Amino acid sequence: MQMYFPGFRWTALLAGLAFSLPIHAQRVTAGQLCELADGSQPATAALQRLIDESEGLVEIPPGTFLLDAPLRIDLSAKGYRSIRGADGTTRLIVDHEGCALQVTGDHRGTANPDTVQEHTWEKERMPVISGLEILGRRDTSDGIQLIRTMKCIIRNVLIRRCRYGIHLVERNRNVIITDSHLYDNLDTGIFLDACDLHQINITGNHISYNQRAGIRQYNGDVHNVQISGNDIEYNSGIAESCGEIVLEAPEGIISEYSITGNTLQARPENAGANIWITGGGENGPLAARIITVSGNIIGDRDKGIVLRDASRVTMASNTIYGGQTVNLHFQHCCDITLTGNTIGTRSSMHDGVDTPHKDGILAEGCADCLITGNILSDHRFGSKDKGGALTLVNTERCRVSDCQILSPRFRGVHIIGGMGCVVSDNTISAPPSEAFLAAVEVSGPGHAHLIQNNWICTALPEPVVIDDASGEARNNTLVQYEETSIVLIDTAEIPPQ
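Take the position in the sequence shown, starting the count at 1, then add 1253; the result is the number in this note's numbering.
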C-alpha cells in the first residue's frame, strides 16, 4: 500500500540519502567533473573523491577547477597515485591558504636501498604530477607540496601567482622536476624548506619572475642537487636576500650542488645576486661546501655570485657580466677555485655609453683561494682610494695567476692587508687614463706577498706599488702602452686551400 504525505519533497530525501551513502558508492563521473570545469564553484570535494577512488592514475579533464582546500594525495593510505592533467588544458585555481596538491608519503630512510621500507616500495614510490596549470589567487596560496616522498616526478606543469611553486618539506629523496614553468610566483619557484633531501634533479625548466628566488634552500640538510639546463631569470622584488638561486644555511647544510649550463640573468637595478650562497652558524664555512658552478651565463644584477662562509666551491667556464656593484663577492670563504671564466660587461655597452655596471671581483677575509686563467675585461670596481678589477682584503695564501686583466679603471689587482698572496704570470693591460693608478698595488698592514712574472702594459712609470714590509715584486715585464688596432679579417676573402 502506498502512503501519501502532502508537501513532502521526495527529491530532497533522495539527495540526502545519496550523500549519506559510503564514499565508495559516490563515484565521480565525467559529467559531474565537466559541470565543475568552468571555475565558478568549488570542485575540491569532487576532485578529492576522484583521487581517493582512483586505482592509481588520476586524470583531470580539460577545464578550470576551483579549489577551496588542498587536494591531498595520501600515498600511505591510498597507494600509488599519479595526477595527470590534459596536456596543459587543465587549470587548478587555488583560492585558499596552502597548496593545491599535497603529496604525502612515509619514507623514513635515505636513498640507500637497504634503508627503504617495504611500504614505500609497495604503496608510495614514484608519484607523478604532470600536464596541468596551478594558479594562485591568494598571497598564501601554494602550488605543489611534497612530504616524505620517494622518487617523485613533476613534469610539464605551469605554476604561477602562488607563494611557493613547488614546496619540499620534512624529508624527500630522488626528486625530479623537469620541463616545467615556475613563473611569476609571490615568493619562490622551487623551495627546499628546512628539509632533509638528497638527490634532486632540476632540469630543463623556465623559472622566472618569482619575487624572492627562482630556486631557494633555507636550512635543512640538503645534498646531491643537480640544477642544469634551466632558464632562471628576473627573480626579484623582495628586499631580503633574493636571486635566481638562493642557498642559505644559518643552521643547516648546503652540500654537493652542481649548477651547470643555466642562464641566470636579471636587471642591473635588481638587488641580491644571480647566485647567493651563505653558510655560517656553528658549521662556519663547512655549512656551504662541495659546490660546482660551471658553464652558465650569469649577469645583469647587483652582483653575479655571492659566497659567504663557504668552502670547496669551484666556478669554472662561466660567462659572467654586468655586475651593478661587483661580479663576484666572497666573504669568509676558503678553498675557492675560480678558473676559466670570462668576466666583464656587455661589449655593446662600451660604445659611447657609460654603463652603470662596475664589474669586478672582491674577496674579503678569505683563505687558500685559487683565481687562475680568467679574462677580466673593463672592470670599473674601486675608487682612487682602494679597489680594482680584483681586490683582496685581509686574505691569506690566495693565488692570482694566468689571468688576462684588461682595461681596469683604477687598478688591476689591489691587495689590502692579508698575508702570503701571490700575483703571478698575468697579463695586465690598461690604456692611459688619469683614473688608472696601478697594475698591482699592495697596501695596508699585510706581509709576505709576492708579485712576479707578470706582463704589464700601461703608461705608468711605476705600475707595481709595494713596499718592502708588505712583500716582494720581481721579474715583471713592463711595457709602455701604445694605441693599437685589431684588424678583423673577412673569411670570405681568404682563398680556399
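For each residue, glycine too, the CB sits at the ideal point set by N, CA and C. Note that the structure is predicted; figures quoted are calculated from it, not measured.
Residue i CB to nearest heavy atom of the ligand NAD below 7 angstroms
i: Leu1320; result: Ligands are entirely absent from the displayed structure, and the ligand NAD is therefore not among its contents.
Buried or exposed (CB count within 10 angstroms, at least 16 for buried), residue i
i: Asp1367; result: exposed
i: Leu1310; result: exposed
i: Thr1393; result: exposed
i: His1582; result: buried
i: Pro1716; result: buried
i: Lys1611; result: buried
i: Leu1270; result: Unreliable positioning characterises Leu1270 in this predicted model, as indicated by a pLDDT of 35, which lies under 50. The coordinate reading is nonetheless provided below. Leu1270 should be labelled exposed.
i: His1277; result: Bear in mind that a pLDDT of 45 at His1277, under 50, signals an unreliable position, so the number given afterwards is only what the model happens to contain. Exposed: under 16 other Cβ atoms inside 10 Å.
i: Pro1275; result: Below a pLDDT of 50, predicted positions are generally treated as unreliable, and Pro1275, at 43, falls in that range; no measurement from the model is reported.
i: Asp1321; result: exposed
i: Arg1390; result: exposed
i: Ala1722; result: exposed
i: Thr1343; result: buried
i: Pro1714; result: exposed
i: Gly1284; result: exposed
i: Asp1291; result: exposed
i: Thr1730; result: exposed
i: Glu1501; result: buried
i: Lys1637; result: exposed
i: Asp1562; result: buried
i: Pro1380; result: buried
Residue i, DSSP secondary structure in three states
i: Cys1287; result: helix
i: Ser1547; result: strand
i: Arg1302; result: helix
i: Ala1569; result: strand
i: Gly1316; result: strand
i: Glu1350; result: coil
i: Ala1492; result: coil
i: Leu1328; result: helix
i: Asn1706; result: coil
i: Asp1367; result: helix
i: Lys1376; result: helix
i: Met1602; result: With a pLDDT of 49 at Met1602, under the threshold of 50, the modelled position of that residue is not reliable, and the figure given next carries that caveat. Residue state, collapsed to three classes: helix.
i: Pro1538; result: helix
i: Thr1393; result: coil
i: Thr1441; result: strand
i: Thr1297; result: helix
i: Leu1798; result: Residue 1798 is absent from the structure shown; the chain starts at 1254 and stops at 1750.
i: Phe1583; result: strand
i: Leu1690; result: coil
i: Thr1282; result: coil
i: Thr1755; result: As displayed, the chain neither begins before 1254 nor continues past 1750, which places residue 1755 out of reach and without an answer.
i: Ser1682; result: strand
i: Gln1464; result: coil
i: Ala1616; result: strand
i: Ser1508; result: strand
i: Ile1412; result: strand
i: Phe1650; result: One detail in the question is off: residue 1650 reads as Arg in this sequence, not Phe. In the structure shown, Arg1650 sits in coil (DSSP, three-state: anything other than H, G, I, E or B).
i: Asn1627; result: coil
i: Glu1386; result: strand
Sub-8 angstroms separation of residue i and residue j beta-carbons
i: Val1347; j: Leu1411; result: no
i: Ser1329; j: Asp1359; result: yes
i: Ile1443; j: Gly1418; result: yes
i: Ala1616; j: Val1579; result: no
i: Gly1532; j: Ala1540; result: yes
i: Pro1314; j: Ala1298; result: no
i: Arg1662; j: Arg1633; result: yes
i: Leu1752; j: Leu1345; result: Residue 1752 lies beyond the range of the chain shown here (1254 to 1750); nothing can be said about it.
i: Ser1511; j: Gln1479; result: yes
i: Gly1514; j: Gly1552; result: no
i: Leu1659; j: Ile1624; result: no
i: Arg1468; j: Ile1460; result: Looking at the sequence provided, one finds Ile at residue 1468 rather than Arg. For Ile1468 and Ile1460, yes; Cβs fall inside 8 angstroms.
i: Gly1593; j: Ser1570; result: yes
i: Thr1373; j: Ile1326; result: no
i: Gly1673; j: Ser1630; result: no
i: Pro1503; j: Gly1534; result: yes
i: Thr1711; j: Ala1683; result: yes
i: Asn1706; j: Ile1681; result: no
Anticipated Cβ contact below 8 angstroms, residue i with residue j, distance rounded
i: Ala1691; j: Val1718; result: 5 angstroms
i: Cys1656; j: Cys1619; result: About 17 angstroms separates the two Cβ atoms, so there is no contact after all.
i: Ile1407; j: Ile1397; result: 6 angstroms
i: Thr1516; j: Ile1544; result: Not confirmed; about 19 angstroms, so no contact.
i: Tyr1487; j: Ala1519; result: 5 angstroms
Is the segment 1525-1539 close to the segment 1475-1482, with three or more CB pairs under 8 angstroms?
Counting C-beta pairs closer than 8 angstroms gives fewer than three between the segment 1525-1539 and the segment 1475-1482, which falls short of the contact rule.
Taking one C-beta from the segment 1716-1730 and one from the segment 1686-1696 each time, how about it: are there three or more such pairs within less than 8 angstroms?
Yes, the segment 1716-1730 touches the segment 1686-1696.
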